[in-house]
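Numbering (the numbering used here), first residue to last: 111 to 379.
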C-alpha cells in the first residue's frame with residue numbers, strides 16, 4: 111500500500127508535467143478500477159455521478175456518505191484520489207476545516223472546495239476565509255493534502271470573469287494548491303485565467319470546452335470530466351433498454367461482450 115503522504119506528493123507533482131493531467135471521475139469502485147486499468151495517473155470523485163448511483167441529483171448527498179464513498183474509491187486502486195467535496199459541507203470556515211480533516215482521514219490525496227452553498231455564491235471575504243481555513247487543515251499534518259479551490263460563477267449564472275479571476279487569485283494566496291473555475295469554455299478566457307492566477311489550473315471538459323491539445327498550449331495543468339462518464343454510462347443503459355423494449359432486438363450484446371472483456375482485464379487481479 112502506497113503511503114498517503116507519498117500519494118499526495120505524487121498527485122501534486124502530476125500538475126507540473128509537460129501535458130495536462132487527465133483526471134477522470136469514477137462513480138463507484140468498479141469504475142475506479144476500470145479507469146485505473148486504462149492507464150490514468152490519478153482519479154477524482156464526482157458528486158453528481160455518485161449521487162446518481164443512489165438515485166439522487168447532485169447536491170443531495172451527505173457529508174458522511176461522501177466520506178464513505180471517498181474511502182471506497184481510495185481502497186479500489188493504488189492511484190491518488192481527489193474528492194469532489196462540494197462546499198465542504200459547512201458555511202463556517204472552522205467547520206469546513208474540520209470536515210477537510212475528516213476527508214484526509216479517508217486516505218485521499220486531496221479534495222476540492224466550492225464557493226457555492228446550493229443557494230448562492232459566498233461573499234468574497236467569507237469565501238476566502240473558508241479556503242484559508244481549508245488550506246490550514248489540508249497542510250497542517252504530515253500529508254500535504256492537495257486542496258483545489260473552485261470559483262463557481264460560470265456554472266451558477268454569474269459569468270463574471272473578472273470576479274472569477276479575483277477569487278481564484280485570492281484562493282491561491284489563501285493556500286489553495288490548485289485553482290478551478292468550472293464552466294469556462296472560451297480558450298481566451300482560460301488562457302487569461304492561467305496567466306493571472308500563478309497556480310495550477312484545472313479545466314472541466316464541459317460544453318464547448320477546447321480539446322486537450324489547445325488546453326495544453328494554454329498552460330492548463332489538469333483536465334477533469336465531472337459526472338460525464340457516469341452519465342454516458344446511464345445513457346448507454348437507457349439506449350440498450352429502449353432497444354430491448356421497443357425493438358425486441360439485442361444489438362447491445364456486442365457492446366456488453368466488449369464490456370465483459372474490459373471487466374476481466376480490470377478486475378481479474
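Where a beta carbon is used, it is the ideal one built from N, C-alpha and C, also for glycine. None of the values given here were measured: they were computed from a predicted structure.
As for any beta strand (DSSP E) of minimum length 3 sitting wholly inside the segment 262-312, the runs are 288-290, ordered along the chain. Its chain contains 212, 213, 216 as the residues whose beta carbon lies nearer than 7 Å to that of residue 177, once the 5 sequence neighbours on both sides are disregarded; these appear in chain order. Judged by beta-carbon spacing, residue 337 lies within the 8 Å limit of residue 135, meaning their Cβ atoms are closer than that value.
Scanning its chain for C-beta atoms nearer than 8 Å, with the 5 sequence neighbours on each side dropped, one finds around residue 306 the residues 275, 278, 279, in chain order. Around the beta-carbon of residue 352, fewer than 16 other beta-carbon atoms lie within 10 Å, marking it exposed. The shortest CA-to-CA distance from residue 340 to any of 315, 167, 333, 162 is the one to 162. Using a C-beta cut-off of 8 Å, the segment 283-300 makes contact with the segment 244-258, since at least three inter-stretch Cβ pairs fall below that distance.
Taken in chain order, the unbroken stretches of alpha helix (DSSP H) that lie wholly in the segment 173-249 and span 4 residues or more are 173-186, 203-214, 234-248. One Cα belongs to residue 282, the other to residue 308, and the distance between them is close to 8 Å.
Taking 8 Å as the cut-off, the Cβ atoms of residue 219 and residue 192 count as close. The C-alpha of residue 128 lies about 33 Å from the C-alpha of residue 374. Under the DSSP assignment, residue 338 falls in the alpha helix (DSSP H) whose first and last residues are 338-352. Using a Cβ distance threshold of 8 Å, residue 206 and residue 244 count as a contacting pair.
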